[in-house]
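The number in the working numbering is simply the position in the sequence shown, starting from 1, with 1 added. Below is one structure, written out as structure tokens; comments come after it.
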Amino acid sequence: MALLNRRLKDRDIERFPLVGENDGNLSEYGDETDLDTEANEQFQHHGISLWLSDSVLMLIEHIQIFAVFLVLSEKWSWPLDWIRETSFVLLINLDIWEFWKINKDIYDGASEAHVPSSNMFSYKTYLVIWTVFTFVFCTGFVAMYRYLIYKRPLYLLLYLTRMKRVLSVVAQVVCIPIGLVVVRLLQCRPEVTASRAPSLEQMEKVLNVENNIKCWSGSHLIYGLETLGWFLLLIAALLFLVYPVYLWRVTKGEVFTHSSTQHEGYLQLKEAEYLKGLDIVWAVEQFFLFSSYRRPWVYYQSVMYFLRFSVIFAYGISLDYQVYPMAIVTITMFLLALLMMVVKPFRVNAFNVMKIVSLLCNSLNALIGLLLELEVESAILIYPNIKYALLGINSFAILAFVVFFSFLVLRHYGVIRKKRPLWPALSKDEKSQELDSDTKRYLRAVLQGRQVLERALSTPPIFAPVHELERQIQIINAYCREAEVTGNQTFDTLWDLLDELIEAHNVFNSQSLFSQSNKTTVQDTANELMKIMPAFRKRMDKREYDFILMNPVKRRMLLKLYALGLFLNGRSTKAQENVTKKLRFDKMAKRSVAYDWKGSSIGSPLYSNSDSASVPNTAGTLDKLTDSVDDLLKHVDSVTNNNNDGPQILVVQHEKNVSNSSDGSSISLPGAVAYEENNDITQIV
2 MALLNRRLKD RDIERFPLVG ENDGNLSEYG DETDLDTEAN EQFQHHGISL WLSDSVLMLI
62 EHIQIFAVFL VLSEKWSWPL DWIRETSFVL LINLDIWEFW KINKDIYDGA SEAHVPSSNM
122 FSYKTYLVIW TVFTFVFCTG FVAMYRYLIY KRPLYLLLYL TRMKRVLSVV AQVVCIPIGL
182 VVVRLLQCRP EVTASRAPSL EQMEKVLNVE NNIKCWSGSH LIYGLETLGW FLLLIAALLF
242 LVYPVYLWRV TKGEVFTHSS TQHEGYLQLK EAEYLKGLDI VWAVEQFFLF SSYRRPWVYY
302 QSVMYFLRFS VIFAYGISLD YQVYPMAIVT ITMFLLALLM MVVKPFRVNA FNVMKIVSLL
362 CNSLNALIGL LLELEVESAI LIYPNIKYAL LGINSFAILA FVVFFSFLVL RHYGVIRKKR
422 PLWPALSKDE KSQELDSDTK RYLRAVLQGR QVLERALSTP PIFAPVHELE RQIQIINAYC
482 REAEVTGNQT FDTLWDLLDE LIEAHNVFNS QSLFSQSNKT TVQDTANELM KIMPAFRKRM
542 DKREYDFILM NPVKRRMLLK LYALGLFLNG RSTKAQENVT KKLRFDKMAK RSVAYDWKGS
602 SIGSPLYSNS DSASVPNTAG TLDKLTDSVD DLLKHVDSVT NNNNDGPQIL VVQHEKNVSN
662 SSDGSSISLP GAVAYEENND ITQIV
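Shown next as structure tokens:
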């Protein structure tokens, strides 16, 4: 499985907290140049952002349910001015039909009267627009899904997971609007003949949105086909019936324990691995479907689909029944609020408080409608008291949401309670989360093992840290035994990691320099390296001093290029090596062949082993040495070209009595040394 964000693969896990709050400042842990080169190759993700999506979805759900109550209030007679003043919330459901009815004064506030379809715009056009919009979205989603599978990008699984998450959010937002549109296609009301009094035989049911079409007749079926309404009905059935079952199956496949503590520890581990780029199980296995909730409420989203379906169902039967719809909604929402008070659904307590407040406020709105349908005599149900009651209930809900969002933003950015993160996360602080010490110890070991494993997989096999893999295998194996005995929830995670570590070790053991089979060779190399380490350290310090004014990045680049050149090309020609050695030889200061050799800067030794207290002046020695070596190499090349038939040896002849026949001076070369007075020939190979 592909891994994310290798920015921390070379960093010690002890250097940074395991809480994902500082992921935005990861550049302080590494070389900024490395991050720039890898930025385009990484899958950009924004961490665990469920707190934001959950809060926004909670607000949208609250307003959507209130908008459905506003439509239902046309039957139980909320105050007409209250309905008109709050009709703008109908737009949250894209309910143009009801918004048009209220704001065009087509609805007069009478609970018993039906609005003739001739007074409204064509519902056929409205239904076709909704169907086309839904069809385009579904087609685009499937096309994008197939395109990604065809192209097979590097992070295919993550892109597909992101699309599934988008689908999950869109489904929660559009299920109520689509449900309202589809239900109107099925709503029928009785039509009474005007010639005589109505009777059961004379009453015929017609579509509420098209009064000239009789319910469940051939024209009704044709009407659904012409407007593609039956296709939209199929989509609604998938949203309210099939998709919740799919969510239930996915969640059931990922949840493996009934213990709340074990469930919390497992979620924190997977979230920490995802945030640190060690594993992508949290994303690929769709943990976002249940990662916001505690163990008893892992099927929270399926329950909320049931709540939305109950609201739509109540609206659907509102033309035939007056009391039952609001009784169903009121009792359902009140029982859910009561259950959430006893068993908290969200891992973040602020969400629990806000969800309970939302359910109670909407249940009170529904309760007022139920009391109106039951015709209960109460002072609070008399105008304008009922309007003030509705205003107070919904104003409290608005205030609660304002405080809720303000609290989330302040907590997220660390303005309040800086030491404790908003989202539950694995941390070194024992007081930060309700996890036992053994679980935290195992989870930290898993993160360290994942980091070592990822580094081994991302490096060339010859440099794979097999010795670190062996150490992690021993640690994880010991923890596996402990977790198995104590029944800790991290046993399966430790076992899976142990299998991966053993598999990686078997692959790299025969190739890596750090394996046990190459232990002797590595030890010999290390011993040889330790012998020259003091001199190497001294030379590196001297180099740092020489390049003290150079940019650190350029200084490191020069060192890397020099080391690379040694590996690729080796040292320079052998003539240059020998010349350099002879220039450093102490006898150069004592032996001179010619008068001009005595004055040569190259003839003077760079270092002296004499016991004199004088210190030689080495200023410009490196430049002089380099120039002399270059001149010598040029002369070697010229002599070699002139003596192609003979051996490639530079021969310099010196007579015992030096005479100046032409220009008054003997010919000498840098590095030409006469070892004995009786020798006429000195060879420089």
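Ideal Cβ positions, reconstructed from N, Cα and C, are used throughout, including at glycine.
Measuring only between beta-carbons, confirm whether residue i sits less than 9 Å from chain B.
{"i": "alanine 527", "result": "No chain B appears in the structure shown, which is made up of a single protein chain."}
For residue i, write down the residues that DSSP places opposite it in a beta bridge.
{"i": "lysine 215", "result": "Val207"}
{"i": "tyrosine 294", "result": "Phe347"}
Is residue i helix, strand or coil by DSSP?
{"i": "tyrosine 443", "result": "helix"}
{"i": "proline 422", "result": "coil"}
{"i": "glycine 415", "result": "coil"}
{"i": "serine 513", "result": "coil"}
{"i": "proline 553", "result": "helix"}
{"i": "proline 535", "result": "helix"}
{"i": "leucine 448", "result": "helix"}
{"i": "phenylalanine 733", "result": "Within the shown structure, residues of the chain are numbered from 2 to 686, placing residue 733 beyond reach of any answer."}
{"i": "glutamine 323", "result": "coil"}
{"i": "threonine 228", "result": "coil"}
{"i": "glutamate 265", "result": "helix"}
{"i": "glycine 566", "result": "helix"}
{"i": "phenylalanine 548", "result": "coil"}
{"i": "glycine 317", "result": "helix"}
{"i": "lysine 277", "result": "coil"}
{"i": "tyrosine 301", "result": "helix"}
{"i": "proline 245", "result": "helix"}
{"i": "histidine 115", "result": "coil"}
{"i": "leucine 235", "result": "helix"}
{"i": "glutamine 65", "result": "helix"}
{"i": "threonine 87", "result": "coil"}
{"i": "isoleucine 223", "result": "helix"}
{"i": "aspartate 96", "result": "coil"}
{"i": "tryptophan 283", "result": "helix"}
Please name the residue, chosen from the options, that lies closest to residue i on a Cα-to-Cα basis.
{"i": "glutamine 449", "options": "Ala479, Gln473, Met558 and Leu382", "result": "Gln473"}
{"i": "tyrosine 127", "options": "Leu95, Asp109, Tyr244 and Tyr148", "result": "Leu95"}
{"i": "leucine 242", "options": "Leu375, Ala367, Asp525 and Val304", "result": "Val304"}
{"i": "tryptophan 52", "options": "Ser396, Phe291, Ser438 and Pro191", "result": "Phe291"}
{"i": "serine 438", "options": "Thr491, Pro422 and Ala390", "result": "Thr491"}
{"i": "arginine 442", "options": "Leu567, Leu187, Ile477 and Asp280", "result": "Ile477"}
{"i": "proline 178", "options": "Arg309, Ser169, Trp101 and Asn104", "result": "Arg309"}
{"i": "methionine 342", "options": "Ile332, Leu361 and Tyr325", "result": "Leu361"}
{"i": "isoleucine 49", "options": "Leu458, Pro425, Lys539 and Thr258", "result": "Pro425"}
{"i": "phenylalanine 1", "options": "Leu454, Arg451, Lys356 and Leu444", "result": "Outside the shown range of the chain (2 to 686) lies residue 1, about which nothing can therefore be said."}
{"i": "asparagine 366", "options": "Asn350, Ser511, Trp79 and Leu208", "result": "Trp79"}
{"i": "methionine 164", "options": "Val175, Ala390 and Arg147", "result": "Arg147"}
{"i": "isoleucine 329", "options": "Asp321, Gly317, Leu339 and Val312", "result": "Val312"}
{"i": "alanine 505", "options": "Glu455, Ile383, Tyr244 and Val251", "result": "Glu455"}
{"i": "leucine 337", "options": "Leu375, Gly278 and Ser359", "result": "Ser359"}
{"i": "isoleucine 281", "options": "Leu565, Arg556, Leu161 and Ile103", "result": "Leu161"}
{"i": "alanine 273", "options": "Leu514, Asp82 and Arg451", "result": "Arg451"}
{"i": "glutamine 302", "options": "Val174, Tyr325 and Tyr384", "result": "Val174"}
{"i": "alanine 172", "options": "Ser516, Leu240, Ala144 and Ala284", "result": "Leu240"}
{"i": "leucine 159", "options": "Glu545, Tyr275 and Trp249", "result": "Tyr275"}
{"i": "leucine 502", "options": "Tyr316, Val453 and Gly230", "result": "Val453"}
{"i": "glutamate 86", "options": "Cys139, Thr460 and Lys388", "result": "Lys388"}
{"i": "threonine 252", "options": "Pro553, Val137, Val416 and Glu286", "result": "Glu286"}
Any heavy atom of the ligand SAH inside 8 Å of the beta-carbon of residue i?
{"i": "serine 303", "result": "Ligands are entirely absent from the displayed structure, and the ligand SAH is therefore not among its contents."}
* Asked: At what residue ranges does the region 456-504 contain a whole run of the alpha helix (DSSP H), taking only runs of 4 or more?
  -> Complete alpha helix (DSSP H) runs here, min 4: 467-487.
* Asked: Any contact of the region 234-247 with the region 174-189, i.e. 3+ C-beta pairs under 8 Å?
  -> In the pairwise beta carbon analysis, the region 234-247 is classified as touching the region 174-189: at least three pairs are separated by under 8 Å.
* Could you pull out every unbroken alpha helix (DSSP H) segment of at least 4 residues lying fully inside the region 326-399, listed in chain order? => 350-375, all fully within the region 326-399.
* In chain order, each alpha helix (DSSP H) run of at least 4 residues that lies wholly inside the region 122-205 -> You should have 124-152 and 157-187.
* Count the CB pairs spanning the region 528-536 and the region 476-485 that are closer than 8 Å, and state whether there are at least three. => These segments do not touch.
* Cβ contact (3+ pairs, closer than 8 Å) linking the region 62-72 and the region 81-94 -> Judged by Cβ distances under 8 Å, the region 62-72 makes contact with the region 81-94, as three or more pairs qualify.
* Take every Cβ of the region 132-140, pair it with every Cβ of the region 206-218, and state whether three or more of those distances are shorter than 8 Å. => The region 132-140 vs the region 206-218: no contact.
* How do the region 252-269 and the region 491-506 stand: do at least 3 beta-carbon pairs fall below 8 Å, yes or no? -> The answer is yes - the region 491-506 touches the region 252-269, with three or more Cβ pairs under 8 Å.
* the region 454-474 in contact with the region 491-511 per 3-pair CB rule at 8 Å -> Proximity of the region 454-474 to the region 491-511 meets the contact definition, three or more beta-carbon pairs being nearer than 8 Å.
* **Segment contact, 8 Å Cβ cut-off, at least three pairs: the region 379-399 with the region 347-356** => They do not touch, by the three-pair rule.
* Check whether the region 313-332 touches the region 367-375, taking contact to mean three or more Cβ pairs, one atom from each stretch, closer than 8 Å. => Touching, yes, given that three or more Cβ pairs across the two stretches are closer than 8 Å.
* Stretch pair the region 54-61 + the region 399-414: three plus CB contacts closer than 8 Å -> Here the region 54-61 lies against the region 399-414, with 3 or more beta-carbon pairs under 8 Å apart.
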